[in-house]
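Structure, as structure tokens:
Numbering (this note's numbering), first residue to last: 31 to 200.
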């Protein structure tokens with residue numbers, strides 16, 4: 031399939047929110063407390079897009095995934111309980127979600143590959159991310175792609191596993 035990775039637009043919020051709502055339900059069904067506190071929500075998506083940080087994964091014209099990308103902008107990462115691999119500029123990604131109809135196809139891995147390409151295109155060679163301790167699917171993606179566990183960061187009072195990967199030009 032031909033997948034593209036691009037900035038999201040305001041008009042795409044309903045489709046993005048639909049994907050995220052189903053991901054929120056999956057997390058709950060899996061017994062996780064991640065994303066069970068009203069976050070993320072449509073306002074968060076709008077803020078992402080307003081800051082040019084919202085990105086979609088598409089298959090043809092269909093949106094099949096979403097993430098937010100920020101460059102060296104995550105204050106909570108300064109308070110890591112542990113140690114990052116680098117202290118340079120980094121790309122951080124949040125709110126990874128794949129459409130219900132496209133699960134099990136390796137698309138989260140593909141999405142992270144696009145994020146790494148985005149970082150390289152911005153001359154940034156560190157990717158940082160975090161996930162809930164019980165988000166085994168995302169932890170598996172991190173392990174598969176060579177991300178290193180660096181410690182814990184906290185969001186809305188909950189600990190998250192923090193990862194970093196130093197990338198090289200392809």
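Heads up, the beta-carbon is just placed ideally off N, CA and C, and yes, glycines get one too.
Everything numeric in this text was worked out from a predicted model, so none of it was measured.
Taking buried to mean at least 16 other C-beta atoms within 10 Å of its own C-beta, is residue i buried or exposed?
i           : result
residue 156 : buried
residue 70  : buried
residue 59  : exposed
residue 90  : exposed
residue 78  : buried
residue 54  : buried
residue 73  : exposed
residue 108 : exposed
residue 40  : exposed
Which same chain residues end up closer than 7 Å to residue i when comparing Cβ atoms and leaving out the 5 residues on each side of it in sequence?
i           : result
residue 67  : 186
residue 92  : none
residue 142 : 171, 175
residue 106 : 183, 184, 185
residue 47  : 72, 75
residue 30  : Given that the chain is displayed from residue 31 to residue 200, the structure contains no residue 30 and the question cannot be resolved.
residue 42  : 86, 93
residue 112 : 180, 181, 182, 192
Excluding the 5 residues preceding and the 5 following residue i in the sequence, name in chain order all residues of the same chain whose CB lies nearer than 8 Å to its CB.
i           : result
residue 110 : 180, 181, 182, 183, 192
residue 165 : 57, 62, 64
residue 169 : 161, 191
Using only alpha-carbon positions, find the residue among the options that is nearest to residue i.
i           : options            : result
residue 122 : 154, 89, 58, 36    : 154
residue 33  : 65, 75, 132, 55    : 132
residue 251 : 125, 150, 72, 106  : No statement about residue 251 is possible, as the shown extent of the chain runs from 31 to 200 and does not include it.
residue 98  : 119, 75, 134       : 75
residue 136 : 87, 41, 37         : 87
residue 130 : 52, 189, 118, 151  : 52
residue 150 : 55, 101, 81, 46    : 101
residue 38  : 44, 84, 105        : 84
residue 119 : 140, 152, 141, 139 : 152
residue 103 : 138, 142, 82       : 82
residue 171 : 138, 106, 44       : 138
residue 163 : 173, 189, 146      : 189
Leaving aside the five residues before and after residue i along the sequence, list all residues of the same chain whose C-beta is less than 6 Å from its C-beta, in chain order.
i           : result
residue 144 : 35
residue 159 : 123, 193
residue 49  : 96, 127, 129
residue 116 : 156
residue 114 : 180, 194
Between residue i and the ligand SAH, is there a pair consisting of the residue's CB and a ligand heavy atom that are separated by less than 6 Å?
i           : result
residue 163 : Looking at this structure, you won't find the ligand SAH or any other ligand, since it has none at all.
Please check if any C-beta of chain D sits within less than 7 Å of the C-beta of residue i.
i           : result
residue 179 : Looking at the structure shown, chain D is missing, and only one protein chain is on hand.
Margin query: Assess contact between the stretch 172–180 and the stretch 190–199, defined as three or more Cβ pairs (one per stretch) separated by less than 8 Å. Is contact present?
Written below: Touching, yes.
Item checked: Ranges of the alpha helix (DSSP H) found wholly within the stretch 127–155, counting only runs of at least 4 -> You should have 137–151.
Next item on the list: Counting only runs of 3+ residues fully inside the stretch 60–110, write out the beta strand (DSSP E) ranges in chain order.
Entry: You should have 84–89, 92–101.
Notebook entry, point to check: Unbroken alpha helix (DSSP H) runs of length 4 or more, entirely within the stretch 34–60: which are they?
Noted result: 43–59, all fully within the stretch 34–60.
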